[in-house]
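Student:
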Amino acid sequence: MRTAYRGWYVDIGPVVGTSDKIWTISLNQDSPKTPIVLLHGLGAGVALWCLNLDALASQRPVYAIDILGFGRSSRPIFSSQAQEAENQLVRSIEEWRREMHLEKFVLLGHSMGGFLAASYSMQHPERIKHLILADPWGFPERPIERISRAPMWVKVIVYIMEPLNPLWPVRAAGPFGQWLIEKTRPDIVKKFTPVLKNDTAVISQYLHQCNTQTPSGESAFHAMMQHFGWAKNPIVKRMDKLSPEIPITLLYGSRSWVDNSSWETLKHARSSSYINVQAITGAGHHVYADKSETFNKHVLEACNLSDSIPHLTQSNVHSNLKAINDQQISLILANEEDDSKTVQEQELNTSQTRSS
1 MRTAYRGWYV DIGPVVGTSD KIWTISLNQD SPKTPIVLLH GLGAGVALWC
51 LNLDALASQR PVYAIDILGF GRSSRPIFSS QAQEAENQLV RSIEEWRREM
101 HLEKFVLLGH SMGGFLAASY SMQHPERIKH LILADPWGFP ERPIERISRA
151 PMWVKVIVYI MEPLNPLWPV RAAGPFGQWL IEKTRPDIVK KFTPVLKNDT
201 AVISQYLHQC NTQTPSGESA FHAMMQHFGW AKNPIVKRMD KLSPEIPITL
251 LYGSRSWVDN SSWETLKHAR SSSYINVQAI TGAGHHVYAD KSETFNKHVL
301 EACNLSDSIP HLTQSNVHSN LKAINDQQIS LILANEEDDS KTVQEQELNT
351 SQTRSS
């Protein structure tokens with residue numbers, strides 16, 4: 001990263017364990033603009049935002065955390081009940097916010113982080129300036145028909161694997177865990193080539209270190225999940241609890257494995273609220289890394305839109321966007337006029353020099 005950053009532990013007290021701490025990094029913390037908070041997905045941590053942090057921090061404060069139970073954060077024992085595990089994770093985010101003294105912010109979550117970002121926004125709507133969902137997990141209901149049509153061998157494997165945490169093979173592999181990640185998911189390692197060049201092995205090392213410790217947050221995810229791809233308490237069934245005043249930007253990869261069948265339902269359920277759904281062509285589930293420049297552009301546009309329009313709704317966005325664009329055009333024309341004057345003055349000075 002080119003931008004200077006600070007990393008430290010934020011003590012949130014006895015939220016789930018006796019003394020929970022959340023690993024936090026911040027960039028451009030002194031900027032007066034609305035901050036953006038980043039929540040990673042399952043098995044990840046703050047380092048996987050390395051393709052996004054510089055771009056986002058160029059315009060506003062950025063905070064990225066290792067969600068409680070993941071990365072370098074504390075690893076308490078979560079409830080085995082889906083709703084309580086979800087509530088515990090949301091409480092940990094709120095206690096972190098309280099310790100950080102953030103009044104209002106843009107909340108961006110990827111995958112499992114998107115699920116938690118939506119849940120947090122339902123419980124603490126007064127804190128959210130804009131909700132950005134990056135290929136979120138846990139939104140649609142589980143399609144019963146698809147499961148029932150699956151071959152018997154698939155059903156047997158699902159039944160056997162259901163009691164196990166999703167990332168157990170990494171721990172079972174012991175010292176060969178990093179090798180296992182590199183062999184089974186070379187695509188994840190390659191995503192970070194633009195910033196790491198020939199040192200992409202640090203990504204597999206990082207993921208291995210994140211997931212060889214006590215699977216605390218992973219167990220919480222296991223409690224919330226249903227057949228891995230779906231949540232026991234899907235967001236789409238409780239969208240009415242999400243304040244219509246919260247604007248939403250949803251970014252998903254056109255090649256993602258995540259079930260995106262609920263996006264149209266989401267749009268219809270919030271027809272009078274601002275919601276912008278964008279499919280990023282060529283991106284998979286890790287949309288923030290697959291097409292990082294496009295992703296960063298959409299995120300910054302969402303942030304700037306919320307800054308420019310305090311009460312963003314579907315009905316007022318077009319008229320306000322026109323006003324914003326007109327202001328930008330006027331600024332461009334003014335700059336062009338200044339540049340033209342400068343060129344004319346330079347030409348005049350040149351001609352005077354020649355005549356003398």
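Mapping of the sequence shown onto UniProt numbering: position 229 corresponds to residue 229, and the numbering continues sequentially without gaps. Where a beta carbon is used, it is the ideal one built from N, C-alpha and C, also for glycine.
1. Around the Cβ of V343, are there at least 16 other Cβ atoms within 10 angstroms (buried) or fewer (exposed)?
2. With 7 Å as the threshold, decide whether the Cβ of S31 is near any Cβ in chain C.
3. Determine the burial state of Q83: buried for a count of at least 16 other Cβ atoms within 10 Å of its Cβ, exposed for fewer.
4. Can you tell me which of the three DSSP states N28 falls into?
5. What do you reckon, are the CB atoms on W23 and G69 nearer than 7 Å?
6. What first and last residue would you give for the alpha helix (DSSP H) that runs through A223?
7. Smallest Cα separation from W8: which of W96, H124, E103 and S261?
8. Can you check which of these residues, K297, N233, K21 and W257, is closest to G138 by C-alpha distance?
9. Which value, in whole angstroms, describes the spacing of the CA atoms of N87 and A220?
10. Ordered along the chain, which non-local residues of its own chain (more than five positions away) have a Cβ less than 6 Å from that of A269?
11. Are R142 and Q81 close, meaning C-beta to C-beta below 7 Å?
12. Return the CA-CA distance between E182 and K190, expressed in angstroms with no decimal places.
13. Thinking C-alpha only, which one of L131, P14, D30 and H286 is nearest W49?
14. By Cβ distance below 6 Å, which residues in the same chain neighbour G41 in space, the five residues on each side in sequence not counted?
15. Less than 8 Å between the CB atoms is what I'm expecting for I67 and G217, so what's the real figure, rounded?
16. Once the 5 residues before and after K21 are set aside, which same chain residues still bring their CB inside 8 Å of it?
17. Measure the beta-carbon distance from A134 to L251 and round it to whole angstroms, keeping in mind my assumption that it falls under 8 Å.
18. Looking only at its own chain, which residues have a Cβ that is under 8 Å from the Cβ of N304, when we skip the five neighbours before and after it?
19. What does the alpha-carbon distance come out to for the pair K291 and G253?
20. Any chance the region 193-205 sits against the region 100-107, with 3 or more Cβ pairs inside 8 Å?
21. Do I280 and I248 have their CB atoms nearer than 7 Å?
22. Am I right that S79 and A231 are in contact with their C-beta atoms under 8 Å? What's the rounded C-beta distance?
23. Under 8 Å Cβ to Cβ from S306, same chain only, skipping five residues before and after it: list those, please.
24. Suppose the cutoff is 6 Å on Cβ atoms and the five residues either side in sequence are ignored; what does the same chain contact list for D30 look like?
25. Could you check how far apart the C-beta atoms of L27 and L51 are, in whole angstroms? I think they sit under 8 Å.
26. Would you kindly work out how many angstroms separate the C-alpha atoms of L207 and G45, rounded to a whole number?
27. Can you grab the Cα-Cα spacing for the pair I309 / I132, in whole Å?
28. Excluding sequence positions up to five away, which residues of its chain have a Cβ less than 8 Å from the Cβ of N213?
29. Report the three-state DSSP secondary structure of F105 (helix, strand or coil).
30. Quick one: residues in its chain with C-beta nearer than 7 Å to the C-beta of K241, no 5 flanking neighbours on either side, listed in chain order?
31. In chain order, which beta strand (DSSP E) runs of at least 3 residues are fully inside the UniProt domain "AB hydrolase-1" (35-149)?
32. Could you compute how far the alpha carbon of N260 sits from the alpha carbon of V236?
33. Please state if the CB of V62 and the CB of I36 are separated by a distance shorter than 7 Å.
Tutor: Judging by the given coordinates:
1. Taking the first residue of the sequence shown as position 1, residue 343 is located at position 343. Its pLDDT being 38, under 50, V343 is placed unreliably by the model, and the measurement read from it follows with that caveat. Result: exposed.
2. Annotation note: the requested chain C is absent from the structure, which comprises a single protein chain.
3. One-based indexing of the sequence shown puts residue 83 at position 83. Classification of Q83: exposed, given that the 10 Å Cβ count is below 16.
4. Along the sequence shown, read from residue 1 onward, the residue named residue 28 stands at position 28. Three-state DSSP puts N28 in coil, outside helix and strand.
5. Here residue 23 refers to the residue found at position 23 of the sequence shown. Here residue 69 refers to the residue found at position 69 of the sequence shown. Not a contact, by the Cβ cut-off of 7 Å.
6. Locating residue 223 in the sequence shown gives position 223, where the first residue counts as 1. Run containing A223: S216 to M224, per the alpha helix (DSSP H) assignment.
7. If you number the sequence shown from 1, residue 8 lands on position 8. It is W96 whose Cα lies nearest to the Cα of W8.
8. As a position in the sequence shown, residue 138 is number 138, starting the count at 1. The shortest Cα separation from G138 among K297, N233, K21 and W257 belongs to N233.
9. Residue 87 sits at position 87 when you count from the first residue of the sequence shown. Residue 220 sits at position 220 when you count from the first residue of the sequence shown. Taking the straight line from one Cα to the other gives about 10 Å.
10. Position 269 of the sequence shown, counting from 1, holds the residue named residue 269. Closer than 6 Å at Cβ, skipping near neighbours: M239.
11. Here residue 142 refers to the residue found at position 142 of the sequence shown. Here residue 81 refers to the residue found at position 81 of the sequence shown. In this structure, R142 lies away from Q81, with their beta-carbon atoms at least 7 Å apart.
12. Here residue 182 refers to the residue found at position 182 when the sequence shown is read from its first residue. Here residue 190 refers to the residue found at position 190 when the sequence shown is read from its first residue. So the alpha carbons of these two residues sit roughly 10 Å apart.
13. Here residue 49 is taken as the residue at index 49 of the sequence shown, counted from 1. Checked all of L131, P14, D30 and H286; the closest Cα to W49 is H286.
14. As a first step, residue 41 is located in the sequence shown; it is residue number 41 there, counting from the start. So the qualifying residues of the chain are H110, S111, M112 and G113.
15. Along the sequence shown, one-based indexing puts residue 67 at 67. Along the sequence shown, one-based indexing puts residue 217 at 217. About 6 Å separates the two Cβ atoms, so the contact holds.
16. Counting from 1 along the sequence shown, the entry for residue 21 is found at position 21. Taking K21 as the centre and dropping the five residues before and after it, the same chain places the C-beta of Y9, V10, D11, I12, S73 and S74 closer than 8 Å to its C-beta, in chain order.
17. Counting from one through the sequence shown, the residue named residue 134 turns up at place 134. Counting from one through the sequence shown, the residue named residue 251 turns up at place 251. Indeed they touch by this definition, with Cβ atoms about 5 Å apart.
18. Numbered from its first residue, the sequence shown carries residue 304 at position 304. The answer, listed in chain order, is Q59.
19. Residue mapping note: residue 291 aligns to position 291 of the sequence shown, counting from 1. Residue mapping note: residue 253 aligns to position 253 of the sequence shown, counting from 1. Cα-Cα distance, rounded: 9 Å.
20. no
21. One-based indexing of the sequence shown puts residue 280 at position 280. One-based indexing of the sequence shown puts residue 248 at position 248. Not closer than 7 Å, so no.
22. Taking the sequence shown and counting its residues from 1, one reaches residue 79 at position 79. Taking the sequence shown and counting its residues from 1, one reaches residue 231 at position 231. 15 Å between Cβ atoms; not a contact.
23. For the purposes of this step, residue 306 is taken as residue 306 along the sequence shown, with counting starting at 1. Here the set comprises T34, V106, K129, H130, P247 and L312.
24. Residue 30 sits at position 30 when you count from the first residue of the sequence shown. Within the same chain, D30 has no close Cβ partners at all.
25. Numbered from 1 along the sequence shown, position 27 holds the residue referred to as residue 27. Numbered from 1 along the sequence shown, position 51 holds the residue referred to as residue 51. Rounded, the Cβ-Cβ distance is 14 Å, inconsistent with contact.
26. Against the sequence shown, residue 207 aligns to sequence position 207. Against the sequence shown, residue 45 aligns to sequence position 45. Roughly 8 Å between the two C-alpha positions.
27. Working through the sequence shown from its first residue, we reach residue 309 at position 309. Working through the sequence shown from its first residue, we reach residue 132 at position 132. Answer to the nearest angstrom: the Cα atoms are 16 Å apart.
28. The residue you call residue 213 lines up with position 213 of the sequence shown. As written in the sequence, residue 213 is Gln, which differs from the Asn given in the question. So the qualifying residues of the chain are R75.
29. Counted from its first residue, the sequence shown places residue 105 at position 105. Three-state DSSP puts F105 in a strand.
30. For the purposes of this step, residue 241 is identified with residue 241 of the sequence shown, where counting begins at 1. Here the set comprises M122.
31. 36-39, 62-65, 105-110 and 128-134
32. On the sequence shown, position 260 is the one that residue 260 refers to. On the sequence shown, position 236 is the one that residue 236 refers to. CA-CA distance, N260 to V236, rounds to 11 Å.
33. For the purposes of this step, residue 36 is identified with residue 36 of the sequence shown, where counting begins at 1. For the purposes of this step, residue 62 is identified with residue 62 of the sequence shown, where counting begins at 1. It is a contact, given that the beta carbons lie within the stated cut-off.
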